[in-house]
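Each residue of the first sequence is one higher than the one before, starting from 731 at the first, in our numbering. Using N, Cα and C, we set each Cβ at its ideal position, and we do this for glycine too. All figures in this text were calculated on a predicted structure; none of them were measured in a lab. Down below is the structure, laid out as structure tokens.
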Amino acid sequence: MEEIIFYSPIGYLLLQITKRGIYAVKKIEKGETTGSHPVAEMIKRYLEGEKVDFAKIPIDWSGYSPLQKKVLEKVREVPYGEWRSYSWVGKEIGLNYGWRYIGKVLSLNRTPIIIPCHRIIYKNKNLGGFTWGKEVKKFLLELEGISL
DNA sequence: TTATTAAGCGAGC
DNA sequence: GCTCGCTTAATAA
């Protein structure tokens, strides 16, 4: 497990990487930058407003159930600058009425930004919740040009 | 096997 | 605007 701490427009971020890929991204209050990593640089550029493609970054899925992984992989397919509802995700993966479970799965997401779960909001355009708080979610959506 | 849980949604007032 | 009822899979007891 490799750990990189770097500074971004939303604060210090801790990036955890295993042999299989990105394991987790965490927001921390204080810290000192501890070197760099290509993925850390991509996240930093993204948070500064640049359009970055995270699709090719490998993710360490260990700990997720098959269905949870399916949900998160579907969320990754949502293109930059667009948003989807929780029920859209549910229908896409074949849960006709079980979309309430989607919220549960997204709350388990260890890698915000890389898996853009901030692009999943209420149908009426209210924000749902977010691992790092609604303020960060709003920041990310406005960054991509989505008005609420 | 049962109870609890989670970041939603639409109907009806 | 607000309240209410509901679905699903995962986890714990």
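Heavy atom of the ligand SAH within 7 Å of residue i beta-carbon
i, result
"Glu780", "The ligand SAH is not part of this structure, which contains no ligands at all."
Other residues of its chain near residue i: CB distance less than 7 Å, five sequence neighbours each side excluded
i, result
"Gln746", "Met731, Glu733, Tyr753 and Ala754"
"Asp790", "Thr748, Arg750, Gly751, Ile752 and Tyr753"
Residue i to residue j span [Cα, whole Å]
i, j, result
"Lys760", "Trp829", "36 Å"
"Ile845", "Leu857", "17 Å"
"Val819", "Ile850", "9 Å"
"Thr841", "Val866", "14 Å"
"Lys821", "Lys864", "25 Å"
"Leu777", "Ile740", "8 Å"
"Thr763", "Ile832", "34 Å"
"Asp783", "Glu812", "14 Å"
Beta-carbon separation (whole angstroms), residue i vs residue j, contact threshold 8 Å
i, j, result
"Tyr852", "Ser815", "7 Å"
"Val801", "Ile823", "6 Å"
"Ile758", "Tyr737", "10 Å between Cβ atoms; not a contact."
"Gly779", "Leu870", "Not a contact, Cβ separation roughly 11 Å."
Own chain partners of residue i with C-beta closer than 8 Å, once the 5 adjacent residues on each side are dropped
i, result
"Leu838", "Tyr794 and Gln798"
"Ile787", "Gly751, Ile752, Val769, Met772 and Ile844"
"Asn826", "Gly820"
Same chain, Cβ closer than 6 Å to residue i, neighbours up to 5 away in sequence not counted
i, result
"Cys847", "Val805, Leu836 and Asn839"
"His767", "Ile734"
"Ala770", "Ile734, Phe736 and Leu745"
"Lys774", "Ser738"
"Thr861", "Pro842"
Per-residue DSSP class, three states only, for residue i
i, result
"Phe869", "helix"
"Leu825", "coil"
"Val755", "strand"
"Ile832", "helix"
"Ile850", "strand"
"Ser837", "helix"
"Arg806", "helix"
"Pro739", "coil"
"Ser817", "helix"
"Ala878", "According to the sequence shown, residue 878 is Leu rather than Ala. Residue state, collapsed to three classes: coil."
Can you check the segment 759-793 for any alpha helix (DSSP H) of at least 4 residues that lies completely inside it and give the ranges in chain order? If only complete runs of 4 or more residues are kept, the segment 759-793 shows the alpha helix (DSSP H) at 768-777, in order along the chain.
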